[in-house]
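Numbering (full-length UniProt numbering), first residue to last: 1 to 415.
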C-alpha cells in the first residue's frame with residue numbers, strides 16, 4: 001500500500017508557491033548551470049531515487065514525492081534530460097540522484113534508469129494517450145469475492161464495471177459511499193493483480209483518508225478539505241497524468257475519485273472568473289477541468305485502459321452540488337445510485353437497483369448471464385419499490401454462495 005497525503009500550513013503553502021521561481025533560481029545559482037549531466041557520470045556520491053514528473057513552464061522539472069506537491073525531497077531534472085527521454089508530466093522516473101550540497105535545496109537527477117517501470121529506450125517508443133483509439137469496454141471487472149460482501153455482488157449484477165468504464169457513484173450524505181468504494185477497491189485488488197489501483201481523495205476528512213489507506217491495497221493520493229483549492233486541483237491533475245502514462249505502456253489502471261463534486265468546487269475557487277455565473281454561484285468555466293478528468297476514462301483498442309469511478313454528491317442542501325451532478329449526468333457510461341430511503345431504513349448496501357445500470361452491458365456479459373440478468377430486472381420491475389427491490393434482492397443473495405448460483409435460482413419467484 002502506498003499512501004500519499006498532502007499536509008500544508010499557511011507558511012508551507014507560501015513556501016510551495018515560491019518553489020517554482022525563487023528556489024529554483026537559488027538551486028541554479030548553487031549548481032552553477034541550468035542543467036545537470038544528462039545520462040552521464042558524476043564523480044560525487046549518488047543515491048537511487050524515484051518520483052513523479054511535473055514540468056515547469058521554463059522547460060525543466062521536478063520529480064515529486066509523496067503528495068505530488070512541491071516538497072524538500074523533490075528531485076530537480078534538467079530540460080535536456082526531459083527532451084532526451086521524451087518525458088511527460090506524470091511519468092514515474094527512477095534513477096541516480098546527487099544529494100544537495102551546502103546551500104543547495106534539491107537533489108539533482110544524474111541518470112535515468114527506469115521510466116514507468118520500463119527501460120528508457122522502451123519508453124521512447126510509446127504512443128501519446130490522446131492518439132490512442134477509445135472503444136466500448138468489453139471485459140468485465142468482476143468484483144465479487146465473498147458471499148457476505150454484498151455491495152460488489154450487487155454491482156456485478158445491476159451495474160457491471162468493465163475495463164475502461166467511466167462510472168459515477170451518485171450518493172446522498174450518509175448513504176455508505178465510502179464503504180462501497182472500499183469494497184470495490186478490495187474486489188479489484190483481490191481478483192486482478194495486473195491492475196494498478198489509485199484512490200484520489202479530494203476534500204475528504206483526514207480520518208477518512210487514514211481509514212481508506214488502511215483498508216485498501218493501492219496508491220492513495222489525498223488532499224484534505226482544509227487544504228487550499230490549488231493543492232486539490234494540482235494533486236488531481238498530476239494523479240491523472242500519472243495514470244495516463246501507465247496506460248500508454250499498455251497497463252490497466254483504475255482511479256477511484258472521491259469526489260468529483262468537491263474537485264469541481266475546488267476548480268470553481270481556483271480558476272480566473274469568466275464573468276458568467278450559473279445557479280448556486282458556479283462559474284461555467286470551472287466545469288471543463290473536472291470533465292477533462294472524468295472524460296479521460298476509456299478502453300483502448302491498442303491495449304490498456306483507464307477506468308474512472310467518481311462519486312457525485314446529491315441532496316446536500318447545496319444548489320451548486322446539484323448543478324454539478326446535473327452537468328455530469330449522462331457523461332459516464334455507468335451509474336450506481338445509492339438511496340437515501342434505503343439508508344434511512346438501515347438497508348446496506350443502500351444501492352438503488354432500479355436506477356443503477358451500465359450502458360452496453362451486453363458487451364460485458366456472456367449471452368446466458370445477460371438473459372438471466374434481464375430476467376432479474378423484469379422481476380424487480382414488477383416489485384416497483386426502490387427499497388423493497390433492494391431488500392428482497394439482498395435476502396436472495398444471502399441464500400446463495402455466489403452470483404452464478406443466485407442467477408440459476410431465478411426460475412423461482414423472486415418475491
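Here a beta-carbon is modelled for each residue, glycine too, at the ideal position from N, C-alpha and C.
With respect to the alpha helix (DSSP H) encompassing residue i, which residues constitute its N-terminal and C-terminal limits?
i	result
residue 152	150-158
residue 180	177-191
residue 377	367-383
residue 215	206-215
residue 394	386-398
residue 122	120-123
Helix or strand or just coil, what does DSSP make of residue i?
i	result
residue 96	strand
residue 196	strand
residue 17	Per-residue confidence for residue 17 stands at a pLDDT of 38, beneath the threshold of 50, marking its modelled position as unreliable; the derived number appears in the next sentence. Helix at residue 17.
residue 35	With a pLDDT of 38 at residue 35, under the threshold of 50, the modelled position of this residue cannot be trusted; read the value that follows with caution. Residue 35: coil per DSSP, three-state reduction.
residue 72	coil
residue 55	strand
residue 89	coil
residue 78	coil
residue 131	helix
residue 298	strand
residue 407	helix
residue 265	helix
residue 163	coil
residue 279	helix
residue 402	coil
Thinking residue i and residue j are a contact (beta carbons under 8 Å), I'd like their distance in whole angstroms, please.
i	j	result
residue 319	residue 279	5 Å
residue 241	residue 222	Actually they are not in contact, since the Cβ atoms of residue 241 and residue 222 sit about 17 Å apart, beyond 8 Å.
residue 199	residue 220	5 Å
residue 69	residue 52	Contact doesn't hold; Cβ gap of about 11 Å is too wide.
residue 290	residue 267	6 Å
residue 192	residue 253	Their Cβ separation, rounded to whole angstroms, is 11 Å, which puts residue 192 and residue 253 out of contact at 8 Å.
residue 347	residue 390	6 Å
residue 162	residue 364	5 Å
So the candidates are the options; which of them puts its Cα closest to the Cα of residue i?
i	options	result
residue 48	62, 88 and 93	93
residue 251	194, 356 and 366	194
residue 185	292, 354, 155 and 331	155
residue 187	150, 173 and 171	150
residue 117	277, 212, 248 and 348	248
residue 377	301, 229, 246 and 158	158
residue 448	183, 131 and 227	Summary: the structure shown does not reach residue 448, with the chain confined to residues 1 through 415, and so no result is reported for it.
residue 109	272, 56 and 74	74
residue 258	69, 405, 400 and 178	178
residue 288	302, 390, 260 and 339	260
residue 107	113, 114 and 99	99
residue 292	380, 140, 308 and 60	308
residue 262	277, 231 and 61	231
Could you spell out the range, first to last residue, of the beta strand (DSSP E) harbouring residue i?
i	result
residue 113	107-115
residue 259	Premise fails: residue 259 is in no beta strand (DSSP E) and is neither H nor E.
residue 295	Premise fails: residue 295 lies in the alpha helix (DSSP H), 288-295, not in any beta strand (DSSP E).
residue 231	From DSSP, residue 231 is part of no beta strand (DSSP E) but of the alpha helix (DSSP H) over 229-248.
residue 144	From DSSP, residue 144 is part of no beta strand (DSSP E); its letter is neither H nor E.
residue 285	Where residue 285 is concerned, there is no enclosing beta strand (DSSP E), given that its DSSP letter is neither H nor E.
residue 63	61-64
residue 223	219-224
In chain order, which alpha helix (DSSP H) runs of at least 4 residues are fully inside the segment 305-365? 319-328 and 340-344
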